[in-house]
Structures are given as structure tokens and as C-alpha cells.
Amino acid sequence: MRRVVALISSLLVGGSAHAVGNIAETVHNLSVTGPGQFKSLNEDRICIFCHTPHSAVPEAPLWNRRSSGSIGDQRRLTGASSAQPGGPSAVCLSCHDGTIALGDMVSNLREAAVRDNDLRGTFLTGRSNLGTDLSNDHPVAIRYESGSIAIGGNLVPPAGVGLPLPDGAVHCTSCHDPHDDSTPPFLHRPSLNGVLCTSCHVLSGVNWNWESSSHAISDVSPRSADPWSERKPEWRGRTVSENACMNCHMPHNAVTGNGLVNDQEEKTCFRCHDSSVAQDNLRAEQMKFFRHPVEQTPSLDHEGGHLENPLSTRLHVECGDCHNPHASRDDLPMISFNPTNPMGTDHSTAPFVNGSLAGVTGIDINGALKNEADYEYEVCFKCHGVPGRSACESRRCSTAEQYRMTRQDGIYNLRDKFDPGNPTLVSYHPVAINDPANNGEVPSLRNDIPLSRGSGLIYCGDCHSSDVSPAAGGIGPRGPHGSRNEAILALRYEFNPKSGFNLASGGLCMKCHDAGSLYGNDSFLHRQHVVDRGLSCLNCHDPHGSASYPHLINFLTSSSASGQTLEITGLGGSSDPTWVDTGRYRGTCYLNCHGTVHDGAEY
Amino acid sequence: MIANKTVSAFFCISMLAAAGVQAGGDPARGQELAEDCAVCHGEQGLGDDTFPAIAGMGESAMAEALAGFKSGEKEGDFMPDSVAELSEQDMADVAAYYATLPAPAN
Chain A
0 MRRVVALISS LLVGGSAHAV GNIAETVHNL SVTGPGQFKS LNEDRICIFC HTPHSAVPEA
60 PLWNRRSSGS IGDQRRLTGA SSAQPGGPSA VCLSCHDGTI ALGDMVSNLR EAAVRDNDLR
120 GTFLTGRSNL GTDLSNDHPV AIRYESGSIA IGGNLVPPAG VGLPLPDGAV HCTSCHDPHD
180 DSTPPFLHRP SLNGVLCTSC HVLSGVNWNW ESSSHAISDV SPRSADPWSE RKPEWRGRTV
240 SENACMNCHM PHNAVTGNGL VNDQEEKTCF RCHDSSVAQD NLRAEQMKFF RHPVEQTPSL
300 DHEGGHLENP LSTRLHVECG DCHNPHASRD DLPMISFNPT NPMGTDHSTA PFVNGSLAGV
360 TGIDINGALK NEADYEYEVC FKCHGVPGRS ACESRRCSTA EQYRMTRQDG IYNLRDKFDP
420 GNPTLVSYHP VAINDPANNG EVPSLRNDIP LSRGSGLIYC GDCHSSDVSP AAGGIGPRGP
480 HGSRNEAILA LRYEFNPKSG FNLASGGLCM KCHDAGSLYG NDSFLHRQHV VDRGLSCLNC
540 HDPHGSASYP HLINFLTSSS ASGQTLEITG LGGSSDPTWV DTGRYRGTCY LNCHGTVHDG
600 AEY
Chain B
0 MIANKTVSAF FCISMLAAAG VQAGGDPARG QELAEDCAVC HGEQGLGDDT FPAIAGMGES
60 AMAEALAGFK SGEKEGDFMP DSVAELSEQD MADVAAYYAT LPAPAN
């Protein structure tokens, strides 16, 4: 004991800080020799601001500061249990919560007669003052228990962490060494390349891991504006991979409960995904007239895709609902072919997810929740395949429910339009499964695309994607972030039942269907309906699927466009239009289409 | 492949019962109104890195989008204010004008 007192006493003598790291050269040296903004003008003892050899308080060894003994409000963490209320973290907060003056020391009372302390009225300010609301900081005073914290991954077993875990808990000192600033800011390990964070956090799943994600391996540097400029130079990496976790997260003073750097999730992504770092400008995609409305969901209403159950959560869309930033990796475009090079192999294979959707939850074809989607449509089904709701309910959609459109089969859950197990389903586009019987009477299917009539599958993203994406034959951002085309379609499709637009000129359907065959009337009087009368495809065909008839025939029984209500009804007071299959490429219609009566019209 | 008589009968009926073609917007008037749009979207509606290209958009789609911004169904940083004073006919005219402009190449 005598030796310890002697050692501490020597430290308390002015300038005698050499034995404890390089503290004399750090901002934790508050004495007259300190290098920082906060320093005394008359106190030359370095350690005295925290330690005293006599009459110390018990929170920490020879502790010389008073504190509340507790920590402020922290962010909610699923599964985390509290350790001791304040513990070792409380001693740090005796300066860093900004409520106790830097010079407010226990020894002041005893030494007041000897010398005054000019920092007795000085409080920590700036980014180092965490305040008493710690909900935007990494939680402290929580038990470190492997598997207990659902942050989209797991935790390294305590024995493998290699960082201080006082009494089995995470405290400030788990990351920080207050005596050593050789790795700023007082870190045990560097934050660059995620070294510090991944000491505890294991981010991996069945088919993904952080180490192979783009955010962990990309050597891209900012092309224009530096999204990391607000960080201190010594904390900032030169590339995406060097910044790693810090591309998106802030361990202190974060803006969201998820520790993000911006107040809305998409704004965090757009810091780099606006072509300043990442090549594609997704911010511009979000400015397009038709887009997934990520800006409409405040981040505080969003738990993160890995925590939400899409079957029960409020309908919304955020970047994290389709992308797992800890897993997502660069990959070939998720399309079944590129229309500018149909037979090329520069695409992934439908319906499998590519790297961009790795580690994302989904709803399978049977409606069950999956922790990791295997197929692209399973991600889409999280919003577009949940019973009782329609993500398009207030928007014009070819399978709309709440919008001013009504389909004959009355089915608007898109999963029911693709599920081969749905006993009422008659025909469908081959998203989940191919039904060759569906294709036998579709002579318009192109032969110069890599889709087999008997087994070919397509992605949702073949139709729903940016107008400049590979799905549209472009080289712009992939996927359905935004598009100039309604319903976030890659190419133009006409939602006005009487548009007069001829889809032969670059229309969506012509990606797979040959205009010459269609308008040559190989199977039906398409030319007379579409070209001559200006009727759009969606009057008769529901592009997702039909529980009414083969060939995706599912009449648009009611719609409203530009003030006109257009109906396709049955005859003789019947509301149901009727199509009768009379053989190969033959049929008969009994219906009233927008006032035009087809009473046994044959073709 | 298809019985000609049947086709003829089918289309006679169809023509007799043809409803009026939907009234579209007036592109000429839309061009006048589009002066305000050009401030962000450019003279030819080709946009830039911030504002999207709107030239060559489908007339119906664009009218639908503008109506959505005006009703509040669609959100945006600039568009709701930009269309606040436009009538339904104004929006139809603007949409008709931009539909006549050539779309940008991919």
C-alpha cells in the first residue's frame, strides 16, 4: 500500500506523468502544461483532476471527483440487461456529461486554503460533452453477453474480445483508455477498418458476412464532396473500407437510435450514394416522379429490416428494408437479361438474390417470414405480398386495390398472383415458377432472349427498375429505387386504359414479347385493339397474374383516368365480362368494353 | 389464322359503339406553363444530377404524378409547392407538352 501511495504521489507532482501512457500530451492533461482547449492557468499537477492520494472516493482507484453515480438515459437495446447503474462509466461522465466542472474535485475542499483551482467553474463543451441524454451514444453499463443483443448480428464471446469488460459489462473503458491517446480518441484499438467495433460485434448470417461486404472491402475514395469531412482527420479513413463502420455510424452523438450519422436513414446512405463516393446517384433516383418513398418514413419509426416482422409492422419502406448494409456486396445486375445485349451473361440468375440483397429478410411464396431471402421476390413480398394490405393501395398500379382500378378477379395481394399453390390462380408471369402450359399459346414470346418457355424465370426487377438501369438497357443505378416511368417500371407501360400510346416503340412488354407477332395478330386481334384503338394492354391483361383466365386475362372492370370512368362489364346486367377459350389462338368475348359491346365476338 | 368475317363483325360493332377518345392536354399551352418547370428541369426537360429528366415521359404518367404531388399523396422537396397553383387542366397541358419532347438516351 505504501508503494502505491508513493507512486501516485509522484504522479501528482507537476509534470510527472511519464509513467501512465502519454497522458501529458493529451487533452486529458488539464494542468498548465496541457495541450488542449481546457487547461488550468495555475494547477501544474496533471493527475489531480481525476486522482488523489488521500481521501479518495470509492468509484475508481484514488478517485478525486464527485459524480451522480449513475448514467443518463440510454438508447433502447433489445435483449440487453443492465449492469451496475453507473460503475466505471460514471466516473468518465463526471466530466463528459457536462454537469460537473472540470475543476470540481473532492480534494478541493481540503486544499482550498492552499491554492484555488481556476477550472472550478469550467464545464466541458463541444463534441466531448455527451450530455445526460445518452440515447445517441453507444450504451454503457450493460452486461456483455454473447447472443443477447439483437443488432443484426451477434457478439464475440467475452473471452475473445480482448478489451476491458469490467465486471462483465461494457463501459467507457471497454473502448477508451483515458491515459493513452496514441490511437485517438483514447481508443484501445483503431476504429479504422472496423477493428475496434468488430472486436465485439460479429455481423454475419447464413449467406453473408461483414468482411465480404462492399462497405468492408471497397477501396473507393470520394470523387467529389467528402462525406466524412466533419470527422477529425485522425479519425477518418481515406476509403470506404478504412472508414468501415464509421461510414454510417457514430458511437457518440449519433442522430438516430441506430447510431447513424444522419437524422434519416436514407440521408445516411445518400452521403455516399449520390455519386460522390459510390458511382450510382441514388439521391437523384429518389427525385424521380415514381420511386419507393423512403423519405416518407422517419427513421425513428423504423426498427431496421432485421428486427421487423413485415407481417405485422406498419407499412413503410426504408433503404434497410431491401438492403443490409453489413452484408450488401457488389454483384451482377439482378435481371434475367439485358435488353441491349439479351444473350449476354452480365446478369445474375432469376429468381436468386444477388449480393445487393444479401442478408435481407423476406416473405416466402407460402407467406412465411424468412430471416434471409433466397429469392428476389421474397424481398418484394414483404410489402407487396402480405395478406390484407396492398403497398399500391393509394397509387395507380395494374393490380391496384384502393386506387381507382378494379380487377375482375379481385385479388390484389401479389403473392397470390404468383403462388402456384393458390388453387384459384390460372395464369401468371413466371416469377416464382414457370408453368409451360401458360406459354403454349403465346407465340409472341421472343426467341432471341435467354428465357426458356418451359423453365425460364424472370425477376420482379426485370420490369420494376430504374429507367436508366440495365433492366432498361442502360448503365445507371440498378433496381427499383426510382424511375421516370409509372410504377417504377424500367420501360414505358401505359396505365391509362385509353392512352393511344403504341408500346411497340420501346415499351416494357416488348422486352419479352415480339411486336411483330403481337401486332401481326398471331394469337389475337392485338393490332386492332392496341394500335388502331389506342387501348392499353392492361384493359385485358393483368401483368402479375390472373385468377380469372389463362393468358393473364383479367379484365380491368373499372378504372378512372382523366376524369373518365371506364368499365368492362358483362352483358345483360352481369358485372362479369366473359372470355371463352374456343381453341388454340381462338376465343369469344361476351362483354361491354367502355361502351363497346362484344356479344359473342369471336376471333 | 383468324376468320376474316368474324373480325369484320367484331370491329363493326366496336366502331359503332366507340366512345369518345379521352381529351388530352394542350401541348402548346403546356409549353407556356413549362417555363417554370424549366428552371429546375432544363429547357428541354433533360434535368441534371439533381433534378430528373421529364422530357418524353408518358403523358398520363406525368399527369398522374403531378396530381399526386398536388394532392399530397406524393411527397417531394420541391414538387408539391411547384404544382400547388396548377389546375387539373394546367397539369394535363404540361404533361402533354413534355410528352412531345424527346426522352434522354439511357
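Taken in order, these protein sequences are the chains called A and B. Using numbering that gives the first Met the number 0, the first residue of the first sequence is number 0, and each one after it goes up by one. Using numbering that gives the first Met the number 0, the first residue of the second sequence is number 0, and each one after it goes up by one. Glycine residues also receive a C-beta, built at the ideal position from the N, C-alpha and C atoms.
- Inspect the CB distances between the segment 306 to 318 of chain A and the segment 377 to 391 of chain A and report whether three or more fall short of 8 Å. yes
- Any chain A beta carbon closer than 8 Å to B:Asp92: no
- Can you grab the Cα-Cα spacing for the pair A:Asn135 / A:Val441, in whole Å? 58 Å
- Simplified DSSP state of A:Arg44, which is helix, strand or coil: coil
- Of all the CB atoms in chain B, is at least one closer than 8 Å to the CB of A:Asn495? yes
- Helix, strand or coil for A:Val254, going by three-state DSSP, please let me know. coil
- Flag this pair as yes or no: are the beta carbons of A:Thr32 and A:Asp43 separated by less than 8 Å? yes
- Item | Contact set for A:Asn591: own chain, Cβ-Cβ below 8 Å, skip 5 residues either direction | Glu566, Ile567, Thr568, Gly569, Leu570, Pro576, His597
- Message: Contact criterion: CB-CB distance below 8 Å. Does B:Asn105 meet it with respect to chain A?
- Response: yes
- Item | Those residues which DSSP pairs with A:Lys287 across a bridge | Beta-bridge pairing links A:Lys287 to no other residue.
- Select from B:Asn105, B:Ala102, B:Glu87 the residue whose C-alpha is nearest the C-alpha of B:Leu32. B:Glu87
- Pairwise C-alpha distance: B:Pro101 and A:Asn261: 38 Å
- Query: In or out: B:Met78 buried (at least 16 other Cβ within 10 Å) or exposed?
  - Reply: buried
- Query: Based on the DSSP secondary-structure assignment, which residues constitute the bridge partners of A:His597?
  - Reply: A:Leu590
- Query: Which class does B:Thr99 belong to by DSSP, given the choice of helix, strand or coil?
  - Reply: helix
- Is A:His200 helix, strand or coil when you go by DSSP? strand
- Query: Beta carbon of A:Trp207, beta carbon of A:Ala349: below 8 Å?
  - Reply: no
- With a Cβ-Cβ cutoff of 8 Å, do A:His137 and A:Gly258 count as a contact? yes
- Any heavy atom of the ligand GDP closer than 7 Å to the CB of A:Pro250? The model depicted lacks the ligand GDP and carries no ligand whatsoever.
- Task: Would you tell me roughly how many angstroms separate the C-alpha atoms of A:Ala489 and B:Asp35, rounded to the nearest one?
- Result: 28 Å
- Message: Against chain B, with Cβ distances strictly below 8 Å, would A:Ala471 count as a contact?
- Response: yes
- Between A:Ile45, A:Trp62, A:Ser464, which lies nearest to A:Gly478 when the distance is taken from Cα to Cα? A:Ser464
- Length of the line joining the Cα atoms of B:Glu42 and B:Ala98: 14 Å
- Task: Please confirm if A:Glu294 has its CB atom under 8 Å from at least one CB of chain B.
- Result: yes
- Query: Does any residue of chain B bring its CB to less than 8 Å from the CB of A:Ala283?
  - Reply: yes
- Please report how far the alpha carbon of A:Leu61 lies from the alpha carbon of A:Ala89, in whole angstroms. 15 Å
- By the criterion of Cβ-Cβ separation under 7 Å, what are the contact partners of A:Asn280 in chain B? Asp48
- Task: For A:Asn484, go through chain B and note every residue whose CB falls closer than 9 Å to its CB, in chain order.
- Result: Met56, Gly57, Ala60
- Using a Cβ-Cβ cut-off of 8 Å, state whether B:Ala33 counts as contacting chain A. no
- According to DSSP, is A:Ser81 helix, strand or coil? strand
- Query: Between A:Met245, A:Asp117, A:Phe554, A:His428, which lies nearest to A:His512 when the distance is taken from Cα to Cα?
  - Reply: A:His428
- Query: Tell me the DSSP bridge mates of A:Asn280?
  - Reply: A:Asp273
- Cα-Cα separation between A:Ser535 and A:Ala436, rounded to whole angstroms: 25 Å
- Query: Alpha carbon to alpha carbon, how far is A:Cys318 from A:Ala471?
  - Reply: 22 Å
- Whole-number beta carbon distance between A:Asp96 and A:Leu129, since they are thought to touch under 8 Å: 6 Å
- Query: Does DSSP put A:Tyr376 in a helix, a strand or coil?
  - Reply: helix
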